[in-house]
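Contents: one structure, followed by commentary.
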Amino acid sequence: MADLANCKNCGRLYVRVSSPYCPECLKEQEKKFELVYDFIRRQENRTSTVQQTHEATGVETDLIYEWVREGRLQSKIFPNLGYPCQSCGRIIQSGILCDSCRTKIEKGIALVDKIDRLQEDRQRGKTYHTK
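Last residue of the sequence shown? That's 132 in our numbering, and every number before it is there in order.
Okay, here's the thing in C-alpha cells:
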C-alpha cells in the first residue's frame, strides 16, 4: 500500500511505494550507480576500494556502501568493495558485524546466560534429602 513519506535524500514529500527515495532522487542515484559500475567494471579498476572509487567518480561513499550492502555491487566480482561493520567500522562484505565483533557479542551472551543460571540456582535454595 502506498503511503506519503519524505524522501530520505532531499526531504521532499512523495507517495512511497517501496523505496525511501523520491523518483527524482532514484533517477539521480541510478546515474551515479552507472558511473560507479562503469568505472569498476574496467579491468584495471576491478580491485578498487570504495575510497578509490569515490575519488575517481565523485559518488558518495555512503551510496557505494549501500549498493554493496544491497548486493548490487557484489564482492565476489569486486573483491575490495565492502562496507563498515556497525560496531567497529572495519570493512566487511556480508552481514552487519565483523567476525571479531560477532564473537565478542556471542561470548557476552554466553556469560550473561551463565550468570542467569547461577542466580536461578541460588534463588532455589538448598535441598536436603533424608532417608
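Where is the CB? At the ideal position from N, CA and C, for every residue including glycine.
Please read all numbers here as calculations on a predicted model, not as lab measurements.
Look up L36 in the DSSP assignment and say whether it is helix, strand or coil.
Along the sequence shown, one-based indexing puts residue 36 at 35. Looking at L36 - three-state DSSP - the assignment turns out to be helix.
If R73 sits next to Y84, beta carbons under 8 Å apart, how far is it from one beta carbon to the other, in whole angstroms?
As a position in the sequence shown, residue 73 is number 72, starting the count at 1. As a position in the sequence shown, residue 84 is number 83, starting the count at 1. With 8 Å as the limit, R73 and Y84 do not qualify as a contact, their Cβ atoms being about 12 Å apart.
Please name the residue or residues paired with D4 in a DSSP beta bridge.
On the sequence shown, residue 4 is found 3 positions in, with the first residue counted as 1. DSSP lists R17 as partners of D4.
Roughly how many angstroms lie between the CA atoms of Y210 and R91, to the nearest whole one?
Beyond the ends of the chain as shown, which are 2 and 132, falls residue 210; an answer cannot be given.
Since I believe L27 is in contact with S20 (beta carbons under 8 Å), could you give me their beta-carbon distance rounded to a whole number of angstroms?
One-based indexing of the sequence shown puts residue 20 at position 19. One-based indexing of the sequence shown puts residue 27 at position 26. About 6 Å; that satisfies the 8 Å criterion.
Taking only the alpha-carbon atoms, compute the straight-line gap between D117 and G109 and give it to the nearest angstrom.
The sequence position of residue 117 within the sequence shown is 116, counting from 1. The sequence position of residue 109 within the sequence shown is 108, counting from 1. In a straight line, the C-alpha of D117 is about 12 Å away from that of G109.
Judging by CA-CA distance, which residue of V113, V60 and Y66 is the nearest neighbour of F40?
What you label residue 40 is simply residue 39 of the sequence shown in a count that begins at 1. When only C-alpha atoms are compared, the closest one is V60.
I think T54 touches V37, with their Cβ atoms under 8 Å apart; what is that distance to the nearest whole Å?
Position 53 of the sequence shown, counted from the first residue, corresponds to residue 54. Position 36 of the sequence shown, counted from the first residue, corresponds to residue 37. With 8 Å as the limit, T54 and V37 qualify as a contact, their Cβ atoms being about 6 Å apart.
State the beta-bridge partners of I93 as determined by DSSP.
What you label residue 93 is simply residue 92 of the sequence shown in a count that begins at 1. Per DSSP, Y84.
Specify, as a first and last residue, the run of the alpha helix (DSSP H) that G109 falls within.
Here the question's residue 109 lines up with position 108 in the sequence shown. Counting along the chain, the alpha helix (DSSP H) containing G109 begins and ends at D100 to R125.
Just reading off the alpha helix (DSSP H) that L74 is part of, what are its end residues?
On the sequence shown, residue 74 is found 73 positions in, with the first residue counted as 1. No alpha helix (DSSP H) contains L74, which DSSP labels as neither H nor E.
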